[in-house]
Amino acid sequence: AFGFMSSVALLAEKLDHHPNWSNVYNTVSIALNTHDAGGVTDFDFVLAGQINDAAN
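Residue numbers (this note's numbering): 1 to 56.
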């Protein structure tokens with residue numbers, strides 16, 4: 001899980017987007033939203049797609 005989180009951290013940093021996440025017992029939970037927009041935006045979906053690719 002830590003290796004995956006490190007990969008995601010690099011992706012998020014490149015986009016200057018920072019998810020809320022946790023790692024509990026080798027299970028990673030990630031919440032994406034754009035605080036300035038008050039919800040989920042296309043930008044969040046871009047990062048979600050990259051995270052999905054990293055997981056597979």
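In this text, a Cβ means the ideal position worked out from N, Cα and C, and glycines have one as well.
query	result
Considering only DSSP beta bridges, list what Asn20 is partnered with.	Ala31
Which residue marks the beginning of the alpha helix (DSSP H) containing Asn26, and which one marks its end?	Element bounds for Asn26: n/a, residue is neither H nor E.
What distance in whole Å lies between the Cβ atoms of Ala48 and Phe4, which are believed to be in contact at a cut-off of 8 Å?	The pair is not a contact, with the Cβ atoms about 14 Å apart (cut-off 8 Å).
Any idea what DSSP makes of Gly49, helix, strand or coil?	helix
From Gln50, Val28, Ser29 and His18, pick the residue whose C-alpha is nearest to that of Asp36; which is it?	His18
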